[in-house]
Amino acid sequence: MAKSKKYARVGRECVACGSCLKACPRGAVRIVSGVIARVDQEICVGCGKCARLCPADVITMVERGDEK
Ligand code: SF4
Ligand code: SF4
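Numbering (the working numbering), first residue to last: 208 to 275.
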């Protein structure tokens, strides 16, 4: 799978439901301290699957190098 120019960023309103973690084909997501999902930018290929499935709608697809 080719890496897209974007990666997934999780907002603070994440409810740690784990849907994105299960959906990610790359295993790029982990739940930190049981409270928030985090995406490893290096592993994420920017497919957007997690963002489409997030029930809280807190995942944004962000351009690489444009994250600040
Ligand atoms: S699917 Fe959304 S709410 Fe659920 S863990 Fe992932 S980012 Fe958080
Ligand atoms: S955009 Fe795709 S590869 Fe990246 S974290 Fe979401 S599901 Fe995984």
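We put the CB at the ideal spot given by N, CA and C, even for glycine.
From this set, R259, C261 and G234, which residue's C-alpha is nearest Q248's C-alpha?
G234
Per-residue burial, V217 [other beta carbons within 10 Å of its own, 16 or more giving buried]
buried
Suppose you measure from the CA of V246 to the CA of V236; what does that come to, to the nearest Å?
5 Å
Reference A215; option with closest CA among L260, G272, A263 and G255
A215 has its Cα closest to that of G255, out of L260, G272, A263 and G255.
Keeping to the same chain, check which residues put their C-beta closer than 8 Å to that of E270; ignore five residues upstream and five downstream.
K212 and K213
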